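The block underneath contains the structure these notes are about, expressed in structure tokens.
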Amino acid sequence: MALLEVNELAVTFNTPKGPVYAVSDVSFAVDKGQALGIVGESGSGKSVTVKSLMGLLPRTAKIDGSAQYEDVDVFNMSKDRRKHFYGVDIAMVFQNPMTSLNPVKRIGEQLMEGMRFHRGLSRDAAKSRAIELLDLVRIPDPTKRLSQYPHELSGGMRQRVVIAMALANDPALLIADEPTTALDVTVQRDILDLLDSLRRELDMALILITHDLGVVRDRTDSIAVMYGGRVMETATTEEVFADTEHPYTQALQRAIPDMSMPRGTRLDPIPGSPPDLAITPVSCPFAPRCTFATDECRTSIPPLSAVPGSETHRYACFHPQGLVAAASTVGGEA
Amino acid sequence: MKFIATRIVQMVLVVLAVTLLAFGAMNFLGDPLFNILGPIANEDAGPEFAEVRAEARAEYHLDDPFIVRYGRWLGDMATGDFGRSFKNQTQVSTEISNRLPITLILMVYAQVLSVLISIPWALWTASRAYRLPDKVSTVVSFGMLGVPVFALVVLLFWLGAVRWEIFPTRYDDETIGARLYSMFLPALSLAIPLIATYQRLLRTDLISTLQEDFIAVARAKGLPQWRILFRHALRPSLFSMLTVFGIQTGALIGGSLVVESYFGIPGIGAAVIEAIIRDDFPVVLAVVVIITVIFVVVNFIVDLLYSFLDPRVRLDG
Ligand SMILES: Nc1ncnc2c1ncn2[C@@H]1O[C@H](COP(=O)(O)OP(=O)(O)OP(=O)(O)O)[C@@H](O)[C@H]1O
Ligand code: SF4
Ligand SMILES: [Mg+2]
């Protein structure tokens, strides 16, 4: 059974210029102890999706659809349940470790406050737990760190602290929203590997958000590819790579950074720009940039369809590439 | 601690500069002898006053060069001797030590009231920014800023002491409690514009702090709103308010002159007004020096507090 199940999630922002359809018709599930990768370009609605789950959206956001976490209806929680839900059942790690920590509070204080509030730990108990956590995220000299301020630590170390902070109350689900984008390339891999091994060690579910399909290839069980606030393709990680259906997923695959490329090379291989989310969608959001687009794509929205023979693989496209190729091979033989 | 040493040297220089200016003004803008003796200081007043004039010149060392007199005045002041009043020949330091504490209490009282009221108010409005309570608060605080102190004094006096009879109409010195109670209205009239100033500044800074990532992180940790406001947002938002706190301490001294005279509080303000009217320069000078010292010291403390508020502000900068 799924730990978290999101169904037909839609988030619309009320702005002075009219509604912005940031997220539409998004569904996915995460099983206990499993990892889900959410992949998409900037502006595809990844952060808005998880922020809606975390209750972090501003009041201008209107949320539709449902999210079920175990027996909790996330969007309609009782006040009592909510008091010890975030930071206990679900925790989150943010993109920029340089701004994620309060600059005027010591590391120890920031690590301890969550457990003290949710679990009522004594100062001493919280302190030894904090040291344990810093050790868990492989920070050397943990006792010394407790009395340091964030600015005394490097970006990579700070992100480890943020991760330790998120793990304080043993969450069953950790959401990491582009946890390495702001970091130096040399430490990006360390942090991703750390998250991966923590998930296994702690038997915790993980939602890992990234621009880079390569990041989730070896670190997730399933993947949801998002574009224009919608899910384009969702499947097990194996299926996504073995049998890519959506042209956008294909484009993302071509954009995976190659190890042989010089460090710092910026990839921008998908021509064109993301859709304007302020317009009521009437077409496939990827149509303006898609080489396979037809009139059908420009006049109606492709629904999520299942790949025949798979329980897990779905795509939103009128011209699924894997299936088309398979069909033409069959046709050629006939 | 290089920072502290530098600041202390700066403070001493500022105080010296102010004393030099003030002492110079007393000696060069007008004739000190005239201020001491009145019309008989004039040579034309007649030979019968020559002796009185000579005595006064000797007593106040008026024949010494300016720089010598300035040096002597500074030296005396360092030992707590502010000289004698021109008018009633009493020791200025006695007068000041009787009156200064009352004014200081009034100022501290006003600042404490301002801070205690403005901080919760700013937190409340910033967490509801641009919504109705915040909009109403904006109107109210602009109103509070717009009313001049003398009008506030009259209004509060009339409402609090005359109409509702909650507070005494006069300053009451009996006990500490009575003193604080009778000083409430005066302190409040000084505090009202400060409350509005602090509330405006702190609200603005809080609104931008609340946009910070670390606030979202604190929310994601599941901390309750009040805790996020007090424990995470407040401290990094106090900078502008603190700066203005230091500056306003100067303005408060001016305000207390008005308030003290209206409520009959025997503070330093009443003494200054009287001294200015009567050209009693030793008193005026003493008060100018004391005000300068208070202002400089408060702003020094403010500088030290910056580094307490934000550990990234280093004291050796
Ligand atoms: N508060 C808001 N008001 C209006 N529109 C918003 C708001 N927050 C986000 N959006 C819009 O929602 C869309 C999706 O944003 P989101 O932050 O989820 O993208 P993302 O996939 O996380 O991108 P990135 O990779 O850059 O983080 C964007 O077009 C953004 O402009
Ligand atoms: S629906 Fe059409 S436009 Fe959209 S991705 Fe598929 S082929 Fe391209
Ligand atoms: Mg994002």
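Quick mapping for you: the protein sequence lines, in order, are chains A and B. Just so you know, we're using this note's numbering here: the first sequence kicks off at 1 and counts up by one. Just so you know, we're using this note's numbering here: the second sequence kicks off at 1 and counts up by one. For glycine and all other residues, C-beta sits at the position ideal for the given N, C-alpha and C. This one's a predicted model, so the numbers in the text were calculated from it and none came from an experiment.
Taking 7 Å as the cut-off, the beta carbon of leucine 113(B) is found closer than this to the beta carbon of alanine 191(B). When beta bridges are read from the DSSP output, arginine 189(A) appears opposite no residue.
Less than 7 Å separates the beta-carbon of leucine 242(B) from that of valine 302(B). A straight line joining the alpha-carbon of methionine 1(A) with that of valine 104(A) spans about 43 Å.
A direct Cα-to-Cα measurement between glutamine 10(B) and isoleucine 67(B) gives close to 22 Å. Annotation for aspartate 81(B): Ser93 place their beta carbon closer than 7 Å to its own, counting only its chain and skipping 5 residues before and after. If you look at phenylalanine 150(B), you'll find it in the alpha helix (DSSP H) that goes 149-156. In this structure, the alpha-carbon of leucine 234(B) lies about 34 Å from that of glutamate 260(B). Annotation for methionine 54(A): Tyr86, Ile90, Met92, Ile175 place their beta carbon closer than 8 Å to its own, counting only its chain and skipping 5 residues before and after. Only Tyr86, Gly87, Val88, Ala91, Met92, Phe94, Asn96, Thr99, Ser100, Leu101, Asn102, Pro103, Val104 from the segment 86-111 of chain A bring a Cβ to less than 7 Å from some Cβ of chain B.
At least one heavy atom of ligand 2 lies less than 6 Å from the C-beta of histidine 319(A). For proline 186(B), none of the residues of chain A pass the 8 Å Cβ criterion, the least Cβ distance being about 36 Å. The count of Cβ pairs closer than 8 Å, one atom from the segment 119-127 of chain B and one from the segment 220-239 of chain B, reaches three, so the stretches are in contact. Closest in alpha carbon position to arginine 84(B), among Val283(B), Ser307(B), Pro39(B), Val298(B), is Val283(B). Under a criterion of Cβ atoms nearer than 7 Å, the residues of chain A adjacent to alanine 220(B) are, in order, Met54, Leu56, Tyr86, Gly87, Ala91, Met92.
Taking non-hydrogen atoms of ligand 2 into account, the C-beta of proline 120(B) is found less than 6 Å away from none of them. Residues of the same chain with a CB within less than 6 Å of the CB of cysteine 284(A), apart from the 5 flanking positions on each side, are Cys297, Pro302 in chain order. For the pair leucine 153(A) and asparagine 96(A), the Cα-to-Cα distance works out to about 14 Å. For aspartate 213(B), the chain A residues whose C-beta falls within less than 7 Å of its own C-beta are Phe94, Asn96, Thr99, Ser100, listed in chain order. Per DSSP, reduced to three states, the secondary structure at asparagine 88(B) is coil, with no helix or strand assignment. In the structure shown, the three-state DSSP call for tyrosine 130(B) is coil. Residues close to ligand 3 by the beta carbon criterion (under 7 Å to any non-hydrogen atom) are, from first to last along the chain, Lys46(A), Ser47(A), Gln95(A), Asp177(A), Glu178(A), Ile209(A). Annotation for arginine 81(A): Val72 place their beta carbon closer than 7 Å to its own, counting only its chain and skipping 5 residues before and after.
If you look at threonine 12(A), you'll find it isn't in any alpha helix (DSSP H); it sits in the beta strand (DSSP E) that goes 2-15. In this structure proline 193(B) touches methionine 144(B) by the C-beta definition: roughly 6 Å separates them, less than 8 Å. Chain B places a beta carbon closer than 7 Å to that of tyrosine 149(A), counting this residue as a contact. For threonine 19(B), no pairing in a beta bridge is given by DSSP. Counted as a single uninterrupted DSSP element, the stretch harbouring methionine 183(B) is not any beta strand (DSSP E), since DSSP gives it neither H nor E.
For ligand 1, no non-hydrogen atom lies closer than 6 Å to the CB of phenylalanine 28(A).
Boundaries of the alpha helix (DSSP H) harbouring proline 97(A): 97-100, taken from the DSSP string. Residues of the same chain with a CB within less than 8 Å of the CB of asparagine 169(A), apart from the 5 flanking positions on each side, are Gly87, Val88, Ala91, Gly114, Met115, His118, Arg119 in chain order.
Tryptophan 121(B) counts as buried, since no fewer than 16 other beta carbons sit within 10 angstroms of its beta carbon. Only those residues of the segment 103-129 of chain B whose C-beta falls short of 7 Å from the nearest C-beta of chain A would be listed, and there are none. Not one heavy atom of ligand 1 sits closer than 6 Å to the Cβ of phenylalanine 286(A). Counting only unbroken stretches of 4 or more residues, the alpha helix (DSSP H) elements lying wholly within the segment 63-97 of chain A are 79-83, in sequence order.
Exclusion of leucine 53(A) from the 6 Å shell around ligand 1 follows from its C-beta lying no nearer than that to any non-hydrogen atom of the ligand.
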